[in-house]
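Participant: Can you read through this structure? Questions will come right after.
In the numbering used here, the protein residues as written are 6 to 110.
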């Protein structure tokens with residue numbers, strides 16, 4: 006199994022669902038589409054396991070915690086990039102809380 010296949014399998018396991026994982030050489034960053042359940046991972050020049058694990062962990066956080074209709078809950082006058090940064094911060098906080106509870110077990 007290749008490095009990218011392993012990271013795709015890791016994403017599916019962490020998300021506890023059969024996500025569609027695609028590796029895209031043109032993607033500048035990782036992303037998750039809440040409607041189609043597609044997790045996109047960039048193909049980087051380096052195969053650093055730590056970088057890919059961070060991408061996978063963060064995007065799986067979206068799979069677990071971002072509602073499908075999250076864009077509908079935001080006024081159209083608010084710039085998407087602003088909302089996206091706030092949602093990313095919210096996801097990171099939820100991941101940290103999840104890790105705190107896991108370490109207590």
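Idealized CB from N, CA, C, for every residue including glycine.
1) So, do the region 78-98 and the region 34-44 have three or more beta carbon pairs nearer to each other than 8 Å?
2) Taking the alpha carbon of residue 44 as the point to measure from, which residue in 68, 99 and 53 has its own alpha carbon closest?
3) Distance check for residue 71 and residue 46, CA to CA, integer angstroms please.
4) Residue 98: buried (16+ other C-beta within 10 angstroms of its C-beta) or exposed?
5) Tell me the residue span of the beta strand (DSSP E) that contains residue 18.
6) Are the CB atoms of residue 12 and residue 61 within a distance shorter than 7 Å?
7) How far does the beta strand (DSSP E) with residue 43 in it extend, from its first residue to its last?
8) Would you mind stating whether residue 17 and residue 24 have Cβ atoms separated by less than 7 Å?
9) Is it right to say residue 94 is buried, meaning 16 or more other beta carbons lie within 10 angstroms of its own, or is it exposed?
10) What are the start and end residues of each continuous alpha helix (DSSP H) run of 4 or more residues lying completely inside the region 45-109, in chain order?
11) Can you name the residues that DSSP bridges to residue 38?
Facilitator: Quick answer:
1) Too few Cβ pairs lie closer than 8 Å, so no.
2) Here residue 44 corresponds to residue number 39 of the chain shown, with the count starting at 1. Of the listed residues, the one whose Cα sits closest to residue 44 is 68.
3) As a position in the chain shown, residue 46 is number 41, starting the count at 1. As a position in the chain shown, residue 71 is number 66, starting the count at 1. Annotation: residue 46 to residue 71 spans about 18 Å, alpha carbon to alpha carbon.
4) One-based indexing of the chain shown puts residue 98 at position 93. Per the 10 Å Cβ criterion, exposed.
5) Mapped onto the chain shown, residue 18 falls at position 13. Per DSSP, residue 18 belongs to no beta strand (DSSP E); it is in the alpha helix (DSSP H), 8-20.
6) Within the chain shown, the letter at position 56 stands for residue 61. Within the chain shown, the letter at position 7 stands for residue 12. Yes, these two residues count as a Cβ contact at 7 Å.
7) For the purposes of this step, residue 43 is taken as the residue at position 38 of the chain shown. Run containing residue 43: 43-47, per the beta strand (DSSP E) assignment.
8) Taking the chain shown and counting its residues from 1, the one referred to as residue 17 is at position 12. Taking the chain shown and counting its residues from 1, the one referred to as residue 24 is at position 19. Yes. Within cutoff.
9) Walking along the chain shown from the start, residue 94 turns up at place 89. So residue 94 ends up on the exposed side.
10) Those alpha helix (DSSP H) runs which fall completely within the region 45-109 and span 4+ residues are 54-70 and 85-109.
11) Within the chain shown, the letter at position 33 stands for residue 38. The partner list for residue 38 (beta bridge, DSSP) reads 43.
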